[in-house]
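Novice: Have a look at the structure that comes next, please.
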Amino acid sequence: MAPSKISLRGVTKSFGSKKVLQGIDLDVAHAESMVIIGGSGTGKSVLLKCILGLMRPDLGSIAIDGEETTKLSDNARQRVMRKFGMLFQGGALFDSLRVWENVAFGPIQSDGMAPAKARDVAIAKLGAVGLGPEIGELFPSELSGGMQKRVALARAIAREPEIIFFDEPTTGLDPIMADVINDLIVKCVSDLGATAVSITHDMASARKIGHRIAMLYEGQLIWQGPVADIDRSGNAHVEQFIHGRAEGPIRMQVRRL
Amino acid sequence: MSIPLITTLGRMTLAFLATIGAVTAFAGHAVRRAVLPPYYHRQILHQMLEIGYYSLPVIGFTAIFTGMVLALQSYTGFARFSAESAIPNVVVVSLTRELGPVLASLMVAGRVGAAMAAEIGTMRVTEQIDALTTLSTDPFKYLVAPRLIAGTLTMPLLVLVSDIIGVLGGFLVGVYKLDFNDAAYLRNTMDFLQFQDVFSGLVKAAVFGFLITLMGCYHGYTSKGGAQGVGMATTNAVVSASILIFTFNYFLTEAFFAR
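Top to bottom, those sequences are chains A and B.
Start counting the first sequence at 21; every next residue gets the next number (the numbering used here).
Start counting the second sequence at 662; every next residue gets the next number (the numbering used here).
Put into structure tokens, the structure is as follows:
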């Protein structure tokens, strides 16, 4: 069996006395799309940030292509970071830069591509998410939420990453725009042959973009399996979550992490 | 009864020391990152323009009125023992050594330090700083280092301009209100002015420029919790920069005074 693209073993992270992640084991195969579901405040974002290297776990191992990344130096981390693309929840577009400069940011600043060439790349990537070249001249604040998400997606795929992370890609969008984004994610990931890790609490989105689903609850992955099996998980927590019932074993988290 | 007081005092001292440690570590990391390539020239130039050029009006106003009021006030004092001829010298020495760098830096702290904290703070809470990292760009190099470099280089230039405008203010009041001879006023200004006076002021300016941008970047970078957090970062950046300016001003003056 080929080694996993991403492999987590016993990943633990606490903030003060609050144990957010309590020993996460997770494997994502090459070109697989893994969706992590879970309620607000269950540590999904923390898990994603640990894999990305924006946070360092307290314990455990995170391997990308078999390479342990939790103890890398800054320079080595930048090399691993080159494999990643990330779509942030709020888009996180640089508001001082034009749309095309946002998309071309990675190629220009990190890969040293000439601006004129990077501009062509940016316009091509904007085309891939269904936006015309004229959008490139606008500033992010001039765009609607859905358009910003598309630009952010174009920026995430601009350097043709091997692994793409999606942080709540459909949150805050109307159902139609959410479906458009889901379609774009599926298309972009399969076009690139990339591995994808998404976190979401939108089940429609999870079913559409995921090959496999894992559910995070109280800092642990309580269930994982193929998308097709989610409706017969036999797990009361998963049942409650995917049907969105107020009654069940899951109690609401009051304080944020 | 005294125990809670001591506990509070101890906790405050610890928090204060922890902040000093955090700021020093932040500054050390930023300086290390600033000296290593790649350098973002366009960012540095942009920041120099932002800190220097766009601060000129406010610096000019501050300087000219400070020079004017200095001439007027020292006349009130010096006329009592017929020492009016010392006024041009008092004006230029006070301005170059002390008031130029301190007042200009306080104005820049309010204008630029606040804006920096707000901009970087907003980038923090909207995950733009995380986005930089995922695009393999070191936020310390891209955001912090250019601001520190620009602040340290630009502030002395601003203070030099402020010195000249301040002297002009003193000159205007001296000649048109206090009936000095214009040539004599200028001669008196230049004759007693030493290189040391201007130089020490410019060194102060460089240090203050570093401190202002450091506070702006630090408070912005570490801000959290949305609009309220960014607002607090802005306030903290200005207040801490102002306090540091006054504190460092004393010790720098002492260091120069001994020579």
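The beta-carbon is built from N, C-alpha and C at its ideal position, and this holds for glycine as well.
Please read these numbers as outputs of a predicted model, since none were measured by experiment.
Who are the Cβ neighbours of V126 of chain A in its own chain at under 6 Å, not counting the five residues just before and after it?
Specialist: According to the sequence shown, residue 126 of chain A is Gly rather than Val. Excluding sequence neighbours, G126 of chain A sits near A178, R179.
Novice: Give me, in chain order, the residues of the same chain whose beta-carbon lies closer than 8 Å to that of I790 of chain B; leave out the 5 immediate sequence neighbours on both sides.
Specialist: I781, M784, P800, L804, Y882
Novice: Mark D194 of chain A as exposed unless 16 or more other C-beta atoms lie within 10 angstroms of its C-beta, in which case mark it buried.
Specialist: Burial call: exposed.
Novice: Between D354 of chain A and the rest of its own chain, which residues show a CB-CB distance below 6 Å, the 5 nearest in sequence each way excluded?
Specialist: Residue 354 of chain A lies beyond the residue range present for chain A, which begins at 21 and ends at 277; the question has no answer from this structure.
Novice: Quick one: Cα of K885 of chain B to Cα of G61 of chain A, how far?
Specialist: 17 Å
Novice: Taking C-beta pairs closer than 7 Å, name the residues in chain B that S130 of chain A reaches, listed in chain order.
Specialist: L796, S797, T798
Novice: Using a Cβ-Cβ cut-off of 7 Å, state whether A792 of chain B counts as contacting chain A.
Specialist: yes
Novice: By the three-class DSSP mapping on this structure, what secondary structure does Q855 of chain B have?
Specialist: coil
Novice: State yes or no: is the beta carbon of E788 of chain B nearer than 7 Å to at least one beta carbon in chain A?
Specialist: yes
Novice: Going by Cα to Cα distance, which pick from B:Y736, B:G721, B:P699, B:A778 is closest to Q129 of chain A?
Specialist: B:P699
Novice: Entirely within the stretch 131-210 of chain A and at least 4 residues each: give me those alpha helix (DSSP H) ranges in chain order.
Specialist: 135-148, 165-177
Novice: Three-state secondary structure (DSSP) at T794 of chain B?
Specialist: Residue state for T794 of chain B is assigned as helix, using DSSP reduced to three classes.
Novice: At 9 Å on the CB atoms, spell out the chain B contacts of Q168 of chain A, in chain order.
Specialist: Result: empty, since nearest Cβ-Cβ is about 11 Å, beyond 9 Å.
Novice: If we ignore side chains and look at the alpha-carbon of each, how far apart do E157 of chain A and V119 of chain A end up?
Specialist: 6 Å
Novice: What residue range is occupied by the uninterrupted alpha helix (DSSP H) comprising V123 of chain A?
Specialist: 119-123
Novice: If we require 4 or more residues per run, which alpha helix (DSSP H) segments fall completely within the stretch 732-757 of chain B?
Specialist: 748-755
Novice: I'd like to know whether the C-beta of R102 of chain A is nearer than 7 Å to at least one C-beta of chain B.
Specialist: yes
Novice: In chain B, what lies closer than 9 Å to L117 of chain A by C-beta?
Specialist: Ordered by position in chain B, no residue passes the 9 Å Cβ test against L117 of chain A, which lies about 10 Å from the chain.
Novice: Mind checking if A74 of chain A is an interface residue toward chain B, Cβ cutoff 7 Å exclusive?
Specialist: Note on residue identity: the sequence assigns Leu, not Ala, to residue 74 of chain A. At least one chain B Cβ lies under 7 Å of L74 of chain A.
Novice: With distances taken from CA atoms, which of A:L212, A:Y237, A:M197 is nearest G224 of chain A?
Specialist: In the sequence under discussion, the amino acid at residue 224 of chain A is Ala, which differs from the Gly named in the question. When each option's Cα is compared against that of A224 of chain A, the closest is A:M197.
Novice: What is the DSSP secondary structure of R29 of chain A, reduced to helix, strand or coil?
Specialist: strand
Novice: Measure the Cβ-Cβ separation of I826 of chain B and A724 of chain B and say whether it is below 7 Å.
Specialist: yes
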